[in-house]
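Residues in the sequence shown are numbered consecutively from -4, following the working numbering.
No residue lacks a Cβ here, since even glycine has one placed at the ideal position from N, Cα and C.
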Amino acid sequence: MMTDSTKKKEPILLERSASFVGAALGAIAAGAASLLTAGHSWQAWAPLAFSVVLLMIALYLGTRAGVWGTLLAALVFAVLLFRPLGTLRVADGPARANLGWMLLIGLTFSFLFAPPTSGIRRRSSQAETTEPGRRAS
């Protein structure tokens, strides 16, 4: 039988697991994209094209997953795709700019296009639906 405290913890666990899945998907997909585009003349454009993946992560898994997926994808691209390899430094100016744009677009997608029932939006909608003077449970 589920107690009230178990019911409260369940959405938090689901939200955290979705965040972990989103972060993992972002990192794995960025690694795959890095391997596929490495050495091509258009590799500097890979982060911008990857923004579509970040949009999907935000749409299906929520704000927190989109943010973590975006941050980890940027780290993976910087370390695995752009020279000097193995460091966070990106020597190529256009590649660095595209990586910055991917970060901006990914974070924006995470906050604008995430489902209204994810993360902070869920908590604020619960607060609005409770009666004045009563706290959301």
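Going by C-alpha to C-alpha distance, which of the options sits closest to residue i?
{"i": "Ala69", "options": "Gly81, Ile100, Leu94", "result": "Leu94"}
{"i": "Glu10", "options": "Gly34, Ala60, Leu98, Phe104", "result": "Ala60"}
{"i": "Val74", "options": "Ala27, Ser46, Gly101", "result": "Ala27"}
{"i": "Met51", "options": "Val16, Leu8, Pro89, Asp87", "result": "Val16"}
{"i": "Arg91", "options": "Phe104, Leu54, Phe72", "result": "Phe72"}
{"i": "Trp63", "options": "Arg84, Ser105, Glu5, Pro89", "result": "Ser105"}
{"i": "Ala41", "options": "Leu56, Ala86, Ala24", "result": "Ala24"}
By DSSP, does residue i sit in helix, in strand, or in coil?
{"i": "Thr103", "result": "helix"}
{"i": "Leu80", "result": "coil"}
{"i": "Val85", "result": "coil"}
{"i": "Phe108", "result": "coil"}
{"i": "Gly57", "result": "coil"}
When burial is assigned at 16 or more other CB atoms within 10 Å of the CB, is residue i buried or exposed?
{"i": "Leu67", "result": "buried"}
{"i": "Thr82", "result": "exposed"}
{"i": "Trp96", "result": "exposed"}
{"i": "Leu49", "result": "buried"}
{"i": "Thr112", "result": "exposed"}
{"i": "Ala53", "result": "buried"}
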